């Protein structure tokens with residue numbers, strides 16, 4: 075059979091030449107259309123839980139935030155690994171599942187257990203939230219906001235955090251491909267309300283009603 079192919083190729087050089095040229099053109103086109111990642115995604119099946127706790131140091135974040143979250147999800151089915159990072163003002167818990175588990179089902183399982191974890195975290199220290207559906211390569215950039223040289227005394231830690239939350243982060247959210255911007259550090263601006271009991275009584279407004287209005 076091989077001899078027949080060779081004889082046919084020798085007798086029909088033009089046909090073989092055209093066929094070879096078409097094959098080269100098709101191969102070149104296919105190569106250009108082939109999706110190739112510069113950094114292939116080899117991430118396992120994971121879900122991240124992020125909690126901002128701006129008032130806590132690293133050890134306190136570990137004790138009051140990270141540990142309750144890890145305990146609440148420790149018995150989930152098809153769980154392979156739990157790892158966490160506790161730094162100043164931020165807790166990141168990464169939960170790794172078996173590859174056969176659907177990512178959205180895994181997020182549902184964790185979301186159900188986060189209610190119990192939230193009850194164990196002291197009120198006001200932070201609320202656990204699931205990170206967007208992305209790969210382990212999703213966190214691509216970290217940056218620090220600081221005053222220009224010579225202007226250090228003009229901006230406080232609260233001013234810098236306000237710039238991050240209301241200026242920088244909002245601009246980044248409008249960038250195509252950005253799913254989330256996590257901020258930590260600095261001092262979050264707070265508003266304090268001074269209560270005048272006499273005026274509240276005159277307007278027939280209770281403290282409970284005032285607190286409810288402020289929460290809304």
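Residue numbers (this note's numbering): 75 to 290. Glycine included, every Cβ here is placed at the ideal spot set by N, Cα and C. The structure displayed is predicted, hence computed values, not measured ones.
A straight-line Cα-Cα distance of about 14 Å links residue 102 and residue 109. Between residue 153 and residue 171, the beta carbon gap of about 6 Å places them in contact (Cβ cut-off 8 Å).
If you draw a straight line from the Cα of residue 275 to the Cα of residue 282, it comes to about 12 Å. Approximately 16 Å separates the beta-carbon atoms of residue 159 and residue 147; this is outside 8 Å, ruling out the contact. In the DSSP assignment, residue 123 falls outside any alpha helix (DSSP H) and lies within the beta strand (DSSP E) extending over 119-126.
Taking every protein chain shown into account, the CB of residue 258 has 16 or more other CB atoms within 10 angstroms, so this residue is buried. Using a 10 angstroms sphere on the CB of residue 165, the tally of other CB atoms reaches 16 or more, which defines it as buried. Scanning its chain for C-beta atoms nearer than 7 Å, with the 5 sequence neighbours on each side dropped, one finds around residue 90 the residues 83, in chain order.
DSSP places residue 258 outside any beta strand (DSSP E), giving it a letter other than H or E.
Between the alpha carbons of residue 150 and residue 175 lies a gap of roughly 12 Å.
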